[in-house]
Each structure stands twice: as C-alpha cells, then as structure tokens.
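Sequences listed follow chains R and D, in order. To get the numbering used here, take the position in the first sequence, counting from 1, and add 1. To get the numbering used here, take the position in the second sequence, counting from 1, and add 23.
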Amino acid sequence: MTNPYLPIPVTIEEVTVENDLGDIKTFRLGFDRPEDAEGFQYLPGQFAELSVLGTGESPIGIASSPTEKGHLLFSVKRMGLVTSELHASAPGRKMGVRGPMGHPFPWDRLEGKNVLIVSGGFAFTTLRSAITYMMHDGNRRRFGRITAVYGAREPGELLYKDPIRQWQASPQITFVPTIDRPKDGWTGRVGLVPNVVKELAPSADGTLALVCGPPIMIRFTIPVLLELGFSKEDIILSLENRMKCGIGKCGRCNVGTRYVCLDGPVFTYAQLEKLPPEY
Amino acid sequence: MKEAILSKGRLEEFLGAMGNTAAVYAPVESGQNIVFGAVSGPGAASDGVRSLRLGASNTRLSVKGLFFPQREPLFSFRDDAVKAVAEPKAPLVAFGVRPCDAMALTFLDKVFGPARVGSLKHEDPYYLARRGAGTVISLGCNKPCSTCFCTSVGGHPFGIAGTDVLATELPDGSLLLEAVTEKGQALLDRHAGLFSAPSSAQLDDKGRISRAAEAAVRPVHAADAKARADAAFDSAVWEALTSSCLGCGACTFVCPTCHCFDISDETGGNGEGVRLRSWDSCQYPLFTAHASGHNPRPARRQRMRQRVMHKFSYTPETAGMVSCMGCGRCVAVCPVNLDIREIVAALGAKP
C-alpha cells in the first residue's frame, strides 16, 4: 500500500509573478525523482496538495497540462500560512506535492464536442491546463470549436499573459479576454463575463461549457448558459472547499453526500443542483 | 472451541497471558473517568490488571482512539527530508469493548479502508495497520445505560458486528466467550488451557441476559430518519433544536464514529518536526472556513445539522450504514443537554 500522506519531493524551478498586485505567483515544480515524473499521471481539472515541511499543506488546482512534460505548474494566491511561505520562496527550494487528486474535467464526454470556457479572475488556473491540453498538436483534432471568455477586474490581473497572446493570435481557438471597466491602453473587450458570454452567444449545440470563477460570476453566468440552450448536464463547474487530507478521510470538504476531494472538484450543474448549498 | 467459559478467578490470568504476545487495553480508571488503558503487555504497569474497571457502564471515550489516536505523527522530517514513521503493526487486544463501539469500527473500516461507492479509493495505512494487528473482545451490556439506543440504529447490547470475541458476564461471575471471527477463534485456541466448556445452563443464561438487555434499551424514533432528515434540510426545526448549542465539539470527540481530523506541522525550530494529524470537529467554524473568509457552514445550526445529517442521511448513502451507534455518549456529555435522540425524533415534525 502506498502511503497517501507522504509528499512527493519536488524542487521549485521557476517563480513567475502573474499579476500587477503581485499576490499571485506561478510555481514551476520539477520532480526530484525521475520515477515520480512518470508516475504523476493527471488530467486537466485535477488538483494536488502543496506541502511545505514545517508549515503545512494547501490544496491547489494544477495549472500545467499533462502535455507539458517533466514539470508541474501551480498558480498560488497569497492568502494564509502555506501560500505566504511559498510566495517567500525562490527557485531551488525543496518542497512536496501530494496527488493528483480528485476527478478531472469529463474528458470522455468532451471528446468530439465544441468546448466553451467561461472563467473569471484567479479561478482560470485549471482552465489554462484544459486549453493547453486541447490546443496541443496531438489533441486539437479531438475537439470541435473552442471558445473561451476570460475576465479580470483590469488588464494587469489577467494571468498567463504570454499564452493568452498566443491563443488570441491562433485560428484554433476564439479567445476573448475581457476586463470589468475601461482602462487606458486596453483595446480589448470591456464587460462582465456573463454579459460577454451573452453577447458572444456561442451555440449550445454539441457544446459543453467549463465554468470556473468567483461565486458571483457563476451565479450570473448559469442563467445565461441555460438561456443559450445549454442543458444542466452540459455545464461543468469546479468547486473549492477547505481540505486537509484530499483523500476523503478528514471529513471537512463534504457538500451533502459528496466530498469535493473525492467526488469533485468537478461537478455538473445538474449534480450541484441536487446538493445542499454548502460550498 | 467456539464457546468457552473463563471462570471468575481467572480473568487476570487471561489478561496476563494475552499480554505475552500483545498490548492489552481495557477499561481502567483514570481520574474521574473510565478510559481504555494498557492493563497487560507492552505499555502496561506491572500491576496494570488491578486498574481494570469492567463493570463500568461505558468508557468516557470510545475504543476508536486505539486504532485512530487523537494525535499521531504521519511522518517526521528534518530540513527537506521526510522520514516515514514505523508502521503501527504491534499486536493489540482491546478487551471489554462495548458492542456499540465495536460496531463503530465497521464504519471506520469503510472510511479508512478502500471501499467507497462510486468514487476514488484511497487507503489509510496507519488505521489499517492497527486494525490488522488488533483483536477486539467485546463485553455485552447486561445493564444498558439510560442514554443507550443501539437497538434503534442497527445495534444490539450483545451485537457482534466489528468484534472478534463476544464476552458475556454470567450470573456466577464467569465470562462466556464466543468466537465471532477466525482471529477471535485463534485467540481462544491460543489460551484454551484457561477455559472450560460452557454448560447448557450457562448458554441459556446468556440468551436470557441478552433478551433482557434488549428490552431494557429505550427505543428512539430513528427508522426513517434519512427520509425525514433529507426533507427537513431547510426546515426551521434545526434552529429550534440546536439554538442552545455552544459549539464546544464535545459530542464529536466522544463519538465512536466521528473521524474528522486536522493535519498540522509541529517544529522544534532546529529543522526537525512532525506532520501530525489530530482529531478535529465539524462543530468548529474554522473547520470549513476558506482562506478567503467564506464559510459554507457559518452558523452553529448548520454545523449541528451537518453532524446529524452525516450520521443519519449521508453515510447510509456513502457507506451503506447509519453512522450513529446509539452509544449515548454525546447525550451524556453535552453541557447544554442537546440530545441527538430528540433531534432525530423531531425531524419532520412542525418546529
């Protein structure tokens, strides 16, 4: 039996400051043991526990795609003990990872479908993974049209500026970044995410929607999607709840009968509608 | 032998003999409480068996702590290097376990074991190692407490779920031992020299005691608790029933099935430390508080609803069983007399 509480040893290879506020950094982690680089099999939508010995652990969505071999990316907002310690860390620091954990986006169902991605703010991380995965040479033809709406308060708060530039220039994806209010120098779209989705009015036909964002964005986006004709089963969301073990033992991330760590974090809107609103 | 008699005078001898190959834990007096303590074998004082208090109604804390300790290191570390702790596989006998507590182990086996319906599977090596190395000898309840309600939640004062050997105290002071599992049978075989065969009168005694005990347990209206709890999720009944809750969490610490834990790092400042897990409680607001400040269960009524729903609605679905064992400890320790029997009975009633 492998011990699920023992972290896999990794080393911080690179730290990237993602936003103007400077409270979100992306950590590129390299595996210390070659067998772990092979053994860490994941798909976009999953998460892992980042472990800093002496400080603790924090569950974070995986921002890299399995097509990006040899390392993992995690974008971490500075919030509490572990994330602050990480923000104070430089390349070369040893740390740990437990995972991958939870269920990924439903890639078997996404196969052959058009994909609409709707995201706001910091929650874009696992969708970066999803887009990178779908845009990868070998994978792109497995999916139909890809449309993405990604919003932030202002331009400096959009994560992953380099890949976004590439996606905007690519004919393989319609990538629409938007900011909440006009800002000098911003020539892109201005408007709240739900409104932009309404304006774009992507066809729901043969399309699954992956939606990750702050609760307020989700609340106003769902009615828009339903109006566009998306079924509740075709709206895919990702939940967050406080976690410790990540493997369904410690008892704190449950929403009714479901554990976010085991049964999620990915749920359809149809599934969530049946659960109590304890998330 | 499947059934054996341990005569009154030979109990200490039996505990001592088991101590030659295992750490033997049994109810002992500790301050004002009866708790599970080492009476024989590794960790026990030389006169450990003298502290035995078998006659006590029930231990303050359940037997779960022997298999899932209140605090335990998951591993230790020095600087950047993780050092695994030794697998806790030392042989252990839990003696004098009440059948409700033994049945609770069948639920914890599901939580910490691999079986979980329709989901990812992970095993907890620490709990499973202790369970694998442990033998449970239950003691049937001749005199159930006023707070007991095991018979309403699938249990019985002489139930055998989760136990390896069931002991019954007979009127002549002897113990009738019945092997329930192969592990229990092996233990009886190992100590066969201490036992005699039961007479038919002694076997009849057991049946009579068991039936009397069953009749003495006061039933609680819990039969359709899941349906009633599900229907009452948004009901004002929760506020009405739990408004006096202090949120102290005592109910969860004494509960034989509550398994929630925290994980935290403890360091000595010299680069050395341990990653610990410690019992935690769903009754504390921090239990579910997000780093952002958002809390899915900010109110005490929501947290008590979680505790009751978890036991009577959620685990019947996720683990195939109600996870309240009817031991009555939470009823006994609650400082404001919240009573889970009343809560369950009131679900579905008009607040």
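C-beta atoms are modelled at their ideal positions from N, C-alpha and C, and glycine is treated no differently.
Annotated three-state conformation of residue 187 (chain R) is coil, per DSSP.
Interface annotation for the stretch 40-67 of chain R against chain D: 54, 55, 56, 57 and 58, criterion Cβ-Cβ distance under 7 Å. Scanning its chain for C-beta atoms nearer than 8 Å, with the 5 sequence neighbours on each side dropped, one finds around residue 219 (chain D) the residues 27, 28 and 30, in chain order.
Look at residue 48 (chain D): its C-beta is not under 7 Å from any C-beta on chain R.
Residue 79 (chain R) and residue 265 (chain D) have their C-alpha atoms spaced approximately 37 Å apart. Of all residues in the stretch 237-249 of chain R, only 241, 242, 243, 245, 246, 247, 248 and 249 come within less than 9 Å of chain D when Cβ atoms are compared, listed by chain position. In this chain, the alpha helix (DSSP H) harbouring residue 254 (chain D) covers 248-254.
Residue 7 (chain R) reaches chain D at 98, 105 and 107, counting residues in chain order whose Cβ is nearer than 7 Å. The C-beta of residue 162 (chain R) has fewer than 16 other C-beta atoms within 10 Å across all chains shown, which makes the residue exposed. For residue 115 (chain R), the pairing in a beta bridge is given by DSSP as R:208.
Residues of the stretch 132-156 of chain R with a C-beta less than 8 Å from any C-beta of chain D: none at all. For residue 242 (chain R), the closest C-alpha among the options R:35, R:261, R:115 and R:101 is that of R:261. Cβ proximity to chain D below 7 Å picks out 80 and 81 from the stretch 65-89 of chain R. With fewer than 16 neighbouring CB atoms inside 10 Å of its own CB, residue 171 (chain R) falls in the exposed class. About 5 Å separates the beta carbon of residue 159 (chain D) from that of residue 120 (chain D), a gap short enough to meet the 8 Å contact definition.
In this structure, DSSP gives residue 324 (chain D) a helical state, which the three-state scheme calls helix. Contact of residue 280 (chain R) with chain D by beta-carbon distance below 8 Å involves 319. In this structure the stretch 269-280 of chain D lies against the stretch 290-307 of chain D, because at least three pairs of beta carbons, one per stretch, are closer than 8 Å.
The straight-line gap separating the alpha-carbon atoms of residue 263 (chain R) and residue 61 (chain R) is approximately 15 Å.
Contact residues of the stretch 87-113 of chain R toward chain D are 94, 95, 96, 97, 102, 103 and 104 (C-beta to C-beta distance below 9 Å).
Taken through DSSP and simplified to helix, strand or coil, residue 104 (chain R) comes out as strand.
When secondary structure is reduced to three states using DSSP, residue 80 (chain R) falls in the coil class, being assigned neither helix nor strand. Listed by position along chain D, the residues whose Cβ is nearer than 8 Å to that of residue 213 (chain R) form an empty set, because the closest Cβ is around 15 Å away. Taking 8 Å as the upper bound on Cβ-Cβ separation, chain R lies near residues 340 and 341 of the stretch 340-353 of chain D. As the crow flies, the alpha-carbon of residue 39 (chain D) is around 25 Å from that of residue 165 (chain D). Residue 236 (chain R) and residue 61 (chain D) have their C-alpha atoms roughly 56 Å apart.
The continuous beta strand (DSSP E) containing residue 56 (chain D) extends over residues 56-63. With fewer than 16 other Cβ atoms from the protein chains shown falling within 10 Å of its own Cβ, residue 358 (chain D) counts as exposed.
For the stretch 251-267 of chain R, the beta-carbon criterion of a distance under 9 Å to any beta-carbon of chain D is satisfied by 251, 252, 253, 254, 255, 256, 257, 258, 259, 260, 262, 263 and 264. Between the stretch 120-134 of chain R and the stretch 83-98 of chain R, the count of Cβ pairs shorter than 8 Å is below three; the stretches do not touch. Against residue 277 (chain R), the close residues of chain D are 256, in the order they occur along the chain (beta-carbon pairs closer than 8 Å). Per DSSP, residue 190 (chain D) lies in no alpha helix (DSSP H); the unbroken beta strand (DSSP E) holding it starts and ends at 188-192.
Interface residue (Cβ-Cβ distance to chain D less than 7 Å): residue 20 (chain R) is not classified as such. For residue 314 (chain D), the C-beta contacts it makes with chain R under 9 Å involve 59, 78, 80, 81, 84 and 243, in order along the chain.
Annotation for residue 58 (chain R): 50 and 52 place their beta carbon closer than 6 Å to its own, counting only its chain and skipping 5 residues before and after. Under the three-state reduction of DSSP, residue 86 (chain D) is assigned to coil, being neither helix nor strand.
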